[in-house]
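What follows is a short report on a single structure.
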Amino acid sequence: MRNEMHQIDHKSSFDASPVALLYDRYAHIILRVVSRFAQSQEDAHDLVLEVFIAAMESATWLNLSQEEQLAWLRRVAHNKGVDHYRRHTRYQSVSIDVGPSAPLLFEDDERMPEHITLRNEEHAMLRENISRLSELQQEIVHLRFGHGLRTKEIAQRLNKSDGLVRVLLSRAINYLRGMYRQQEGAQQ
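Have a look at this one:
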C-alpha cells in the first residue's frame, strides 16, 4: 500500500514543506482509513488527497506531536470518509431531467412498455410540480435530493441560514406532497 501512495504524488518525497512531510509520513495509514468508506481505489486516493488538502488549509496540526498529528489526520480522514459515504449511498440518484424519449430502465419486470410509460409520466408530473415551487425552493430540492447535500451544506452554498433552508425544504416537500394527493384524488 505504501508504494500505491507514492504513485499518487511521487514529487512529495522531494518537497520539504510540512504538509509534504506529513504526507510522506502518514499517507499510507490514511489510505487504509478512507478505504473503508470508498467504493473504489480511485475514490480512496481522492479522499486521501482531500485529507491532506484539509491539512494544508488548517494550521491546527503544526504544533501537535507526531502521535497527535496522526490522531488529527485520522479524525479528518474519518470525517471525509463519512461525508463521501453519505453523498454516494444515502440516496440512489435518478435524474428527473430525462426526457420522455429516454425511458428509464430499472428492474427486469419494469422494462415493459407500460412500466416505462408510467415512470415517464411520474417524472413529468414531478418536474411539473417542482416547476411550481419558487426558484430558491427548486434549487434547495435539487441540491438536497439531486446531489444528496445536507441542509447545512446547502445553506453554506446559497449563503442562507440552515434554519431557513430547513423551513424552505419542509414547505417544498409539504407542497409537493399536497400536489400529489390532489392529483391522485382527481384521478380516482
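FYI, the numbering used here numbers position 104 of the sequence shown as 91, with every residue one higher than the one before it. Cβ coordinates follow ideal geometry from the N, Cα and C atoms, glycine included.
Counting along the chain, asparagine 116 sits inside the alpha helix (DSSP H) bounded by residues 100 to 118. If you draw a straight line from the Cα of leucine 156 to the Cα of valine 128, it comes to about 7 Å. Where serine 22 is concerned, the enclosing alpha helix (DSSP H) starts and stops at 5 to 22. Between the region 98 to 110 and the region 136 to 146 there are fewer than three C-beta pairs closer than 8 Å, too few to call the two in contact. An exposed status is given to glutamate 29, since fewer than 16 other beta-carbon atoms sit within 10 Å of its beta-carbon. Closest option to arginine 12, judged by alpha-carbon separation, among Ala25, Leu60, Gln26 and Leu34: Leu60. Counted as a single uninterrupted DSSP element, the stretch harbouring leucine 51 is not any alpha helix (DSSP H), since DSSP gives it neither H nor E. Within the same chain, Asn116 come within 6 Å of leucine 163 by CB-CB distance, once the 5 residues on both sides are set aside. Residue state for glycine 165 is assigned as helix, using DSSP reduced to three classes.
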